[in-house]
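So that you can map any letter, position 99 of the sequence shown is 106 in this note's numbering, and since no number is skipped, the others follow by simple counting.
Every residue, glycine too, gets a C-beta built ideally from N, C-alpha and C.
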Amino acid sequence: MPLVSSKPILEEALRQHFAVGAFNANNMEQVQAIVEAAQEERAPVILQVSQGAIRYAGMAFAAGLVKIAASVVSVPVVLHLDHGTDFDQNVRCLYAGFTSLMYDGSKKPYEQNVATTKKIVEIAHAVDLPVEAELGQVLQTSDRVTYEQVCAAMTDPQQAREFVELTGVDSLAIACGSVHAMTSREAELDVPRIKAIHAQIPNTPLVLHGSSGVKHESVAEGIAHGICKVNVATALNQAFLEGIRQGLVQFAESTDPRKSIGLGRDAVKEIVREKIRLFGSAGVIDSTGGFVSPKKQYRSAELGAVE
Ligand SMILES: [Zn+2]
């Protein structure tokens, strides 16, 4: 299928209380693993290009890989910019064929975040592209953050409502207890806060960043209360490297790097499948690439079969 916009996919997720996995795409093997898992699970999927991926692969390669990946599967695939740095980068991505944009002005003063987000939303909406923005700050493990800092950086529900009204943004990344790049699942989300934000902006899909460090049951609870997009990067990177490490031992005598890297790809695919099932997005896409109607899903579940 050609790439699709994240807008209708996230709206459907909001209606049906599931979340779409947004997986970071750094190289061919990770991209292949993500779309193969989505295809087999009949799930819509977002492949996102991070600032690190742009530095590593370059914008043209990163976007090109995702476009090719979308063309060989029959589930909806979105090409999304992760943590866009400024107005110009969003324009470049729009021009390069991205189907979903993001501007992260969370570290800027509030008024500046509002102004730049609004400007990007205006140009994106002119060509029907949706924009994600961030309010509150999802911090980084590299900054050695304390629990108090994580709490202090959380999104304020009232401000979220004002921000969405002022900017017209399509989805909102919120800070609700996760931290980027955690390597073990220890964090718990502030679910009452998620509920309060969702109550203020019930029509805006909420986005969870830093999910790799959050307990599975807490992620599921967040999804039940308005989280519609869950970003996953660290867990995929960990799986990829673990697969490669095993391959380097198993094929120690081989001169063929594909053997080891292939094991990395297999490992990523398994993690993506696990996440898709956790997010409740498995089996929501029919054989034509459209959404299965909720009634039909219910019947399938009753019969013990997933179409
Ligand atoms: Zn993030």
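Exposure of residue i, with buried meaning 16 or more beta-carbon neighbours within 10 Å
i, result
"Val-299", "buried"
"Met-109", "buried"
"Ile-204", "buried"
"Ser-219", "buried"
"Gly-233", "buried"
"Gln-257", "exposed"
"Lys-282", "buried"
"Val-176", "buried"
"Asp-197", "buried"
"Cys-235", "buried"
"Arg-272", "buried"
"Ser-262", "The residue asked about is misnamed: residue 262 is Thr in this sequence, not Ser. Label assigned to Thr-262: exposed."
"Ser-113", "buried"
"Asp-89", "buried"
"His-87", "buried"
"Cys-183", "buried"
"Leu-248", "exposed"
"Ala-312", "Residue placement at Ala-312 is flagged as unreliable, the pLDDT there being 49, under the threshold of 50; a coordinate-derived value is accordingly withheld."
"Gln-55", "buried"
"Thr-211", "buried"
"Pro-51", "buried"
"Asp-178", "In the sequence as presented, Asp is not what sits at residue 178; that position holds Ser. With 16 or more Cβ atoms within 10 Å of its Cβ, Ser-178 is classed as buried."
"Val-291", "buried"
"Ser-288", "buried"
"Ser-13", "buried"
"Ala-200", "Here residue 200 turns out to be Arg, not Ala, going by the sequence shown. So Arg-200 counts as buried."
"Ile-75", "exposed"
Element boundaries [beta strand (DSSP E), containing residue i]
i, result
"Gln-55", "52-56"
"Phe-68", "Here Phe-68 belongs to no beta strand (DSSP E); instead the alpha helix (DSSP H) covers 66-78."
"Phe-30", "27-31"
"Leu-88", "84-88"
"Leu-213", "213-215"
Where the alpha helix (DSSP H) containing residue i begins and where it ends
i, result
"Phe-170", "164-174"
"Asn-238", "Segment 234-239 is the beta strand (DSSP E) holding Asn-238; no alpha helix (DSSP H) there."
"Ala-131", "117-133"
"Val-157", "154-159"
"Ala-231", "223-231"
"Pro-264", "264-285"
"Asp-293", "Asp-293 -> no alpha helix (DSSP H), and no H or E assigned at all."
"Leu-21", "13-23"
"Ile-41", "35-48"
"Asn-210", "Element bounds for Asn-210: n/a, residue is neither H nor E."
"Asp-95", "94-102"
Close Cβ partners of residue i (< 6 angstroms) along its chain, the five nearest in sequence each way excluded
i, result
"Gly-217", "Val-145, Ser-185, Val-186 and His-187"
"Glu-19", "Phe-298"
"Arg-22", "none"
"Ser-294", "none"
"Asn-34", "none"
Residue i - partner residues in DSSP beta bridges
i, result
"Glu-141", "Ala-180"
"Met-109", "Glu-139"
"Ala-147", "The amino acid at residue 147 is misidentified as Ala; the sequence shows Gln. Looking at the DSSP assignment, Gln-147 forms a beta bridge with His-187."
"Val-299", "The partner list for Val-299 (beta bridge, DSSP) is empty, contrary to what the question assumes."
"Leu-194", "As written in the sequence, residue 194 is Ala, which differs from the Leu given in the question. DSSP, once it has assigned bridges, lists Val-221 as partnering Ala-194."
Close-in-space but distant-in-sequence residues of the same chain around residue i (CB under 8 angstroms, 5 per side omitted)
i, result
"Ala-103", "Met-66, Ala-67 and Ala-70"
"Ala-325", "Here the chain has residues from 8 to 314 only, and residue 325 is not among them."
"Gly-91", "Asn-97, Cys-100, Leu-108, Met-109, Tyr-110, Asp-111 and Ile-127"
"Arg-168", "Gln-207 and Ile-208"
"Ala-36", "Position check: residue 36 holds Glu in this sequence, whereas Ala was assumed. Cβ within range, chain order: Phe-247, Ile-268, Gly-269, Gly-271, Arg-272 and Val-275."
"Glu-195", "Gly-184, Val-221, Lys-222 and Ser-225"
"Arg-315", "Here the chain has residues from 8 to 314 only, and residue 315 is not among them."
Own chain, CB closer than 7 angstroms to residue i, minus 5 neighbours either side, in chain order
i, result
"Glu-43", "Lys-276"
"Thr-148", "Val-186, His-187, Ala-188 and Met-189"
"Gln-165", "Gln-207"
"Phe-94", "Thr-123, Lys-126 and Ile-127"
beta-carbon residue i near ligand 2 non-hydrogen atom, thresh 6 angstroms
i, result
"His-216", "Looking for ligand 2 in the displayed structure turns up nothing; the ligands present are ligand 1."
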